[in-house]
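One structure below.
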Ligand code: ADP
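Below, the structure written as structure tokens:
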């Protein structure tokens, strides 16, 4: 009798355990399905957000490009129409207007070239060509290239290094571009009788380059944005001196591609210092 009862309770227990197992299995299965569903939804949402951001980026980019190109195109149109309207025969203005039209063409060329460089960096099309070179020598060469415009703007350029030679491993052509952009900015946004010092220091594995000026400086609220494409603090001044608003964006792309860092410190009416690092040659 008791054996019968015992077997039936064991049987019941077995059924309960079995049902419980079944239930848990179903729960796990439902959880798995739900998880997949939620993840699928999330990745769809993320994809949609990504597409929206891309679309916004594309719109902003096109808007900025057409805005930038409009000014030189309309300027050129104005000069050419005046020449066609009789200005060509006027010895006073014909050469002057042709020169001004040429200046606007050059501006368009620099905008298009800068855009091309940025697009190539963003599409990861530009491969760096690493080699060892003396960064002090390169800084001196870039100072020489910019000497004329420095003299015109009454800015003194100098290089400060505590050694005769410091070898870095980097893409020389691209680093030349970085130095040209940073030093020409220090001239463009400098003050009369100002100075720019390019300081070069090395530690165990890195070389640190500081481009320090005592120019106009930048208010702190702009600092986080100046490496963005087309971002300008003072639009009229930048355009007057031929700035495209793309220089620092290119600089950032080049330093990022080297897997190094660039930072800026600046105070209005005191000056700015842009600092980047490079790997020392092994
Ligand atoms: P731009 O072609 O206008 O010079 P950049 O990308 O090189 O464009 O610089 C972005 C903005 O950052 C400039 O318009 C300028 O307002 C500011 N800026 C850059 N470098 C300096 C500097 N050395 N001193 C003061 N302002 C600077």
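Residue numbers (this note's numbering): 121 to 402. Glycine included, each C-beta is placed from N, C-alpha and C at the ideal position.
Quick one: what's got a C-beta closer than 6 Å to residue 241's C-beta in the same chain, skipping five residues either side? 373
Just to confirm, are residue 302 and residue 394 a CB contact at a threshold of 8 Å? yes
If you measure between the beta carbons of residue 349 and residue 238, is that distance less than 8 Å? yes
Hey, would you say residue 291 sits closer than 8 Å to residue 250, going by beta carbons? yes
From 161, 219, 328, 143, residue whose alpha carbon lies closest to that of residue 400: Per the Cα distances, 328.
Chain-order list of residues whose beta-carbon lies under 7 Å from that of residue 347 (same chain, five-residue window excluded): 368, 369, 372
Just reading off the alpha helix (DSSP H) that residue 341 is part of, what are its end residues? 340-343
Could you pull the start and end residues of the beta strand (DSSP E) that residue 385 belongs to? 382-387
Quick one, are the C-beta atoms of residue 70 and residue 195 less than 8 Å apart? Nothing in the structure corresponds to residue 70, since the chain is present only between 121 and 402.
From the DSSP output, read off the bridge partner residues of residue 253. For residue 253, DSSP records a beta bridge to 288.
Can you tell me whether DSSP reads residue 211 as helix, strand or coil? coil
Compare the beta carbon distance of residue 402 and residue 289 with 8 Å and say whether it is the shorter of the two. yes
Residue 382 versus residue 148: straight-line alpha-carbon distance, rounded: 50 Å
Where the beta strand (DSSP E) through residue 391 begins and ends: 391-399
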